[in-house]
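Working notes, beginning with the structure itself.
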Amino acid sequence: MRHCNHGPDIPVRYRPRLKSTSQSQRRARVTTTSKTPLLDRIKIPADLRAHDDDDLPQITDELRQELIEAVSITGGHLGAGLGVVELTVALHYVFNTPDDRIIWDVGHQAYPHKILTGRRDRIRTLRQGGGLSGFTKRAESEYDPFGTAHSSTSISAGLGMAVGRDLQDKKNNVIAVIGDGAMSAGMAYEAMNNAGSMDSRLIVILNDNDMSIAPPVGAMSAYLARLISGGTYRGFRHFAKHIAEMFPKSLEEKARRAEEYARGMATGGTLFEEMGFYYVGPIDGHNLDHLLPVLRNVRDADEGPILIHVVTQKGKGYAPAEESADKYHGVSKFDVITGTQSKPPSNAPSYTSVFAKSLMKHAEKDDKIVAVTAAMPDGTGLGQFAKTFPDRTFDVGIAEQHAVPFAAGMATEGLKPYAAIYSTFLQRAYDQVVHDVAIQKLPVRFAIDRAGLVGADGPTHAGSFDITYLTCLPDFVVMAAADEAELMHMVATSVEIDDRPSAFRYPRGEGIGIELPEIGAPLEIGKGRVMREGTTVALVSLGCRLQETMKAADELAAQGISTTVVDARFAKPLDEKLLARVAREHEVMVTVEEGSVGGFGAHVLEFLSNNGLMDRGLKVRTLTLPDTFQDHDKPDAMYVAAGLTAPNIAATALTALGHESALVSLAAERANALPGKS
């Protein structure tokens with residue numbers, strides 16, 4: 008359904024002021040064969056604001072077309088961006104960005120915003136090496152005042168900006184745009200509670216694209232939204248408040264509640280009013296005749312905080328995305344005409360699917376196994392688990408801080424909870440992991456998906472830190488799968504761990520194509536495996552870089568250097584017996600992990616040092632992810648830049664042995680990893 012260009016029958020004083028020149032007259036002036044003639048004129052939002060109101064429908068059509076074509080080439084988040092095209096245009100048209108700050112919660116809906124803010128010429132580099140980020144990023148544009156990617160941070164950040172503005176006697180607006188999905192996170196309500204008590208002038212736009220709170224009710228809804236956001240109503244409200252203050256306190260409170268109740272009955276905003284926000288809505292987020300006057304009224308208000316409830320449709324304006332919003336939330340490259348996504352042929356199952364199927368096999372035999380996800384049932388593989396075991400699957404919403412103690416509570420009752428959470432999102436619940444799980448030694452099992460680098464999603468979604476932040480916790484079992492068969496064994500191992508918490512990590516994407524067992528077999532806790540025996544160099548790998556480590560051993564063997572390869576399996580507890588033997592029998596030890604500094608390699612170094620195993624000249628090198636936040640790129644290029652490929656592993660061992668020529672090849676390889684050379 009296309010947007011409506013005609014508003015409801017409302018009093019003249021609430022209508023948007025339209026300039027006299029007709030739309031047809033202006034379009035007649037455009038002499039170009041471009042499919043986006045008006046959008047072509049817009050380099051920055053100031054250019055947008057030079058247009059008249061009735062140009063905006065065509066601009067939104069052109070912006071939507073540009074977005075679809077760009078994402079069809081790069082892949083990325085599509086549905087959310089399509090849903091906020093009108094809202095994006097209206098915000099930049101009404102507000103004076105970048106002086107006025109717009110914060111896009113999560114940021115995956117900000118592609119239209121990027122097109123309008125000086126980045127259209129690079130929009131087809133989205134999520135590519137050296138190209139635009141898939142989220143908002145302060146370093147990328149002055150129109151991105153706050154970087155986002157994780158959910159529910161916008162209101163907190165916006166409130167901080169508003170307070171900073173007020174303390175410096177500035178007058179700019181601060182607008183936080185947050186989706187109703189992000190409103191399932193407690194952090195959003197913490198921020199709203201704080202904002203309501205501070206009475207700071209903050210504008211929050213609730214983008215309700217699942218109709219989960221309240222639908223707009225046509226002309227009456229639009230009229231009420233304009234009415235209560237307008238100066239006349241607010242002036243009367245202030246006058247009434249002033250009069251009420253002359254009453255005894257009990258009557259003043261009753262008058263306040265009566266006004267809020269009456270307005271809440273009409274608009275549905277009672278919850279937000281109770282938190283101290285002035286509520287406006289719901290309004291149709293695809294109807295510019297509804298959006299513009301409300302935004303202008305709110306812009307000109309001198310009070311706050313204010314919440315505008317806008318209802319939109321994910322995938323708006325592109326039929327395949329409208330019909331299958333879940334499939335077009337995040338997409339690979341696709342054909343614009345048919346909507347068919349192009350995906351390379353699969354040579355092996357994904358780690359996520361291997362985990363899910365393995366857990367299901369164990370759940371068939373053990374009815375105490377339950378699964379918890381934080382709004383990512385399909386991303387974690389638990390969607391299929393839920394179909395088979397609906398009563399044993401719990402999607403708690405975007406609420407990792409709740410998910411972890413929720414799982415801990417089930418563990419106290421003898422259940423076997425699996426919290427399947429992306430590594431990057433588990434960071435949000437670290438206090439709960441420590442306080443509610445680890446200290447109590449509760450057997451919660453953490454299935455840590457997307458561990459390590461994640462390619463196009465970049466540093467905000469990289470699973471870089473879980474090894475480091477979990478191995479420092481007492482009595483925590485931490486495993487890392489080298490391949491999909493090992494993942495099955497680690498699922499089986501975790502089923503048997505009933506006396507303490509455990510975690511197993513696995514990467515994004517496909518496995519290596521190894522033959523899989525029918526069901527995993529439990530591993531001996533804290534025991535690694537030797538993949539190859541040698542005498543000079545020991546390469547000790549944790550997790551999915553094992554294949555590159557084996558290739559490095561082949562390169563070393565080609566130069567006559569006998570090499571041992573160890574798959575550590577466990578980051579905690581360490582296989583101390585195996586490490587001690589390897590340390591005594593080799594000249595050089597290199598640890599390899601797809602995790603941050605301070606992780607597995609650091610623990611190995613500490614063990615070797617504390618036990619005197621380096622006193623006789625053992626040379627130890629640790630290879631980790633670099634001590635920086637790596638920008639998005641193709642995974643292969645990111646691994647080269649991180650130094651976690653076979654040539655660099657081999658070069659590290661050679662330099663430790665004194666082969667200086669290895670430094671030359673290492674430098675050349677890293678140079679090839681620069682953006683634009685991947």
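Residue numbers (the numbering used here): 8 to 685.
We put the CB at the ideal spot given by N, CA and C, even for glycine.
- Of the residues Arg-71, Ile-51, Glu-197 and Ile-80, the one whose Cα lies closest to the Cα of Asp-106 is Ile-51.
- By alpha-carbon distance to Ile-212, the top candidate from Gly-404, Ile-315 and Ile-122 is Ile-315.
- Per DSSP, the unbroken beta strand (DSSP E) holding Met-486 starts and ends at 484-487.
- Minimum Cα-Cα distance from Asp-47 among the listed residues Asp-61, Leu-70 and Asp-60 corresponds to Leu-70.
- Apart from sequence neighbours up to five positions away, the residues of its chain that approach Gln-637 with a beta-carbon distance below 8 Å are Leu-460, Gly-465, Pro-466, Ala-469, Met-645, Ala-648 and Ala-649, ordered along the chain.
- Between the segment 535-554 and the segment 497-507 there are fewer than three C-beta pairs closer than 8 Å, too few to call the two in contact.
- Counting the other Cβ atoms within 10 Å of the Cβ of Pro-412 gives 16 or more, which makes it buried.
- In this model, Asp-61 and Val-101 are separated by some 14 Å (Cα to Cα).
- Collapsing the DSSP output to three states places Pro-352 in coil.
- Taking C-beta atoms as the reference points, Ala-156 and Phe-142 count as a pair closer than 8 Å.
- Annotation for Val-604: no alpha helix (DSSP H) segment contains it, and DSSP assigns it neither H nor E.
- Note that the C-beta distance between Pro-514 and Tyr-358 is below 8 Å.
- Listed in chain order, the beta strand (DSSP E) runs fully inside the segment 539-609 are 544-549, 570-574, 577-579 and 595-600, counting runs of at least 3 residues.
- Around the beta carbon of Ser-365, 16 or more other beta carbons lie within 10 angstroms, which makes this residue buried.
- Looking from the CA of Asn-618, the closest CA among Ala-587, Leu-563, Asp-398 and Asn-354 belongs to Ala-587.
- Residue state for Asp-456 is assigned as strand, using DSSP reduced to three classes.
- Asp-473 and Leu-433 do touch by the CB rule: their CB atoms are close to 6 Å apart, below 8 Å.
- In the structure shown, Asp-106 adopts coil according to DSSP, grouped into three states.
- Three or more Cβ pairs drawn from the segment 406-426 and the segment 377-385 lie within less than 8 Å of each other, which places the two stretches in contact.
- Listed as beta-bridge partners of Ile-290 by DSSP are Val-317.
- Checking the DSSP bridge columns, you'll see Glu-517 partnered with Ser-357.
- Beta-bridge partners of Asp-215 (DSSP): Val-318.
- Every beta strand (DSSP E) stretch that sits fully inside the segment 388-453 and reaches 3 residues is listed by chain position as 400-402 and 423-429.
- In terms of Cβ geometry, Met-596 and Val-547 form a close pair [threshold 8 Å].
- When rounded, the separation of the alpha-carbon atoms in Glu-522 and Lys-334 is 30 Å.
- A straight line joining the alpha-carbon of Leu-477 with that of Ile-313 spans about 41 Å.
- Per DSSP, Thr-467 lies in no beta strand (DSSP E) segment and is marked neither H nor E.
- Counting only unbroken stretches of 3 or more residues, the beta strand (DSSP E) elements lying wholly within the segment 59-116 are 108-111, in sequence order.
- Following the DSSP letters along the chain, one finds Ile-474 in no beta strand (DSSP E) but inside the alpha helix (DSSP H) bounded by residues 473-478.
- For Val-343, there is no enclosing beta strand (DSSP E), as DSSP marks it with neither H nor E.
- Non-local C-beta neighbours of Leu-480 in its own chain, meaning closer than 7 Å and more than five positions away in sequence, comprise Val-441 and Ala-445, ordered along the chain.
- Collapsing the DSSP output to three states places Phe-511 in a strand.
- For a cut-off of 8 Å, the C-beta gap from Leu-632 to Ser-471 is around 5 Å, short enough to register as a contact.
- For Arg-126, same chain residues with a beta-carbon under 7 Å away, outside a window of 5 residues either side, are Leu-139 and Ser-148 in chain order.
- Rounded to whole angstroms, the separation of the alpha carbons of Asp-309 and Leu-278 is 22 Å.
- Looking at the DSSP output, Gly-186 shares a beta bridge with Asn-214.
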